[in-house]
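Chemist: For the working numbering, add 8 to where a residue sits in the sequence shown, where the first one is 1.
Don't be surprised by glycine CBs; every beta carbon is placed ideally from N, CA and C.
Only a predicted model underlies this, so the values are computations on that prediction, with no experimental measurement involved.
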Amino acid sequence: MAAAVLIRKVTELRTAVAEALDFLEYDFAGKKVWVKPNLLGAYPPEAGVTTDPEFVHQIVRELKKRQAAKIWVADNPSGIRRTPLEEYLAPTGVVEASEGCFANISINPVNLKLKSRFIAEIPVSSIINEADVILNLPVFKTHALTILTGAIKNIFGIIPGGHKSYLHTLTADAEEFAELLVDIYQAVAKPILTIMDGLRGMDGLNGPSGGRVLKLGLLLASANPVALDAVMALLTGTKPAHIPTTRIASQRGLGPANPQEIKIIGDFAPLKGFRLPNAGFASFITRVSRPVYQVVIPRVPVLDKSRCIRCGECASNCPVQAITLNPDPEIERRKCIRCFCCSEICPTRAMTVAGHLKSFWLRTIQR
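1) Can you check the region 52 to 110 for any beta strand (DSSP E) of at least 3 residues that lies completely inside it and give the ranges in chain order?
2) Can you find at least 3 beta carbon pairs, one from the region 101 to 114 and one from the region 53 to 63, that sit closer than 8 Å?
3) So residue 146 packs on residue 132, CB below 8 Å; how close in whole Å?
4) Return helix, strand or coil for residue 191, following the three-state DSSP convention.
5) Buried or exposed, going by whether 16 or more other CB atoms sit within 10 Å of the CB of residue 39?
6) Using only the alpha-carbon positions, how far apart do residue 286 and residue 155 sit?
7) What's the C-alpha gap between residue 92 and residue 231?
8) Please check the pair residue 119 and residue 94, which I expect to be a contact at CB under 8 Å, by giving their CB distance rounded to whole angstroms.
9) My guess is that residue 222 and residue 210 are in contact by the Cβ rule of under 8 Å, so how many angstroms apart are they, rounded?
10) Go to residue 258, then tell me how far its alpha helix (DSSP H) extends in each direction, as first and last residue.
11) Confirm, please, whether the CB-CB distance from residue 26 to residue 70 is below 8 Å.
12) Check residue 278 in the structure and name its three-state DSSP category.
13) DSSP has residue 149 in a bridge; who is on the other side?
14) Is the beta carbon of residue 254 sitting closer than 8 Å to the one on residue 275?
15) From the DSSP output, which residues share a beta bridge with residue 205?
16) Under the three-state reduction of DSSP, which class applies to residue 328: helix, strand or coil?
17) When you compare the region 161 to 173 with the region 188 to 196, are there three or more beta-carbon pairs, one atom per stretch, that lie closer than 8 Å?
18) With DSSP as the reference, label residue 162 as helix, strand or coil.
19) Since residue 11 is in the beta strand (DSSP E), which residue starts that stretch and which ends it?
Listed below in structure tokens is the structure:
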């Protein structure tokens, strides 16, 4: 049976969201649902970078109507933050729109084993073990590295802290990075249902955060993320096989990239003038960015002893038990996976994420 993808030109958002959820043919009653938006950073809705807050609001309302047992609206933004997550993401509007369902999932991660030639396991948010289903809400955007960022790429956000940046250092080019993204997507054992936010879109070389914002007025829905990404590619005027994540996932049998194997329902109309990065540019970006990542990413968090109160929160929340109290916290560098949970949970900001110079300075003066 062909995978099905719904495309709906939105005239009334509440109706479109209800239709999209019906299309997924999943009974949410009594289920624990991880609503996974794209919350890349603290961008306002009009920037077109993050999932639209009113869309999230309607999703939460519909899930409550459908008697979901538990709803988490949660994502792991890029980078390391110095403020509480709710405060940091307030400009997106999603925290307020979530009707009390927003959750901070950046601390207390668990390890997820991968069948990958790049890395054997990664830290992921622990609710991946609690949720019955992931309702994936990516944004219709280009990406300088992966050409398009859709349903598969949005699953990268299950990884907390700065570990996402570290993973960029493990791959040599855009093709390898796409392979790693599919490795991560494939390792998630829970159902992943996708409704893509195409109310606003973004095109151009500078996606996913600096491209041209477009008013598309679309929602896309599918129970198969690979098929949805393939239809997204068709809408932009390119072949799905030209998108590395879609092609690799299809080759592994995770879903169809061939349009003849996808049943498209609704308002399909190719987008005129949509501008895509090309594969050569993506490879160039990888070659340039990889050494930058390797230089700027801190090796491990560093303790600022002048702030430390020896509460032990960092040690008790380290997912790999890399921190011991002696009596100050000490990090076993070989164990540290650079998830930076210790920094995020530290009540006095004593466990700091420092650049190489500050790291060297703190270690020197505290000897």
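Modeler: Answer, in terms of the structure:
1) 78 to 81
2) yes
3) The sequence position of residue 146 within the sequence shown is 138, counting from 1. The sequence position of residue 132 within the sequence shown is 124, counting from 1. With 8 Å as the limit, residue 146 and residue 132 do not qualify as a contact, their Cβ atoms being about 17 Å apart.
4) To locate residue 191, count along the sequence shown from 1; it is residue 183. Residue 191: helix per DSSP, three-state reduction.
5) Position 31 of the sequence shown, counted from the start, is the residue given in the question as residue 39. Its Cβ being crowded by 16 or more others within 10 Å, residue 39 is buried.
6) Here the question's residue 286 lines up with position 278 in the sequence shown. Here the question's residue 155 lines up with position 147 in the sequence shown. In a straight line, the C-alpha of residue 286 is about 7 Å away from that of residue 155.
7) In the sequence shown, counting from the first residue as 1, residue 92 sits at position 84. In the sequence shown, counting from the first residue as 1, residue 231 sits at position 223. If you take the alpha carbons of residue 92 and residue 231, they lie about 33 Å apart.
8) Within the sequence shown, residue 119 is the residue found at index 111, counting from 1. Within the sequence shown, residue 94 is the residue found at index 86, counting from 1. Incorrect: roughly 26 Å between the Cβ atoms, too far for contact.
9) Translated into the one-based positions of the sequence shown, residue 222 becomes position 214. Translated into the one-based positions of the sequence shown, residue 210 becomes position 202. Rounded, the Cβ-Cβ distance is 7 Å, consistent with contact.
10) On the sequence shown, position 250 is the one that residue 258 refers to. Element bounds for residue 258: 252 to 259.
11) On the sequence shown, position 62 is the one that residue 70 refers to. On the sequence shown, position 18 is the one that residue 26 refers to. The Cβ-Cβ distance between residue 70 and residue 26 falls below 8 Å.
12) Reading the sequence shown from its first residue, position 270 is the one you call residue 278. Correct three-state label for residue 278: coil.
13) Residue numbering aside, residue 149 sits at position 141 when the sequence shown is read from its first letter. Note: residue 149 sits in a beta bridge opposite 157, 210.
14) The residue given as residue 254 occupies position 246 in the sequence shown. The residue given as residue 275 occupies position 267 in the sequence shown. No. Outside cutoff.
15) As a working note, residue 205 is residue 197 in the sequence shown. The secondary-structure analysis by DSSP pairs residue 205 across a beta bridge with 147, 227.
16) In the sequence shown, residue 328 corresponds to position 320, counting from 1. Reduced to three states, the DSSP call for residue 328 is coil.
17) The region 161 to 173 is in contact with the region 188 to 196.
18) The residue you call residue 162 lines up with position 154 of the sequence shown. Residue state, collapsed to three classes: helix.
19) Taking the first residue of the sequence shown as position 1, residue 11 is located at position 3. Secondary structure note for residue 11: its beta strand (DSSP E) is the uninterrupted segment 11 to 17.
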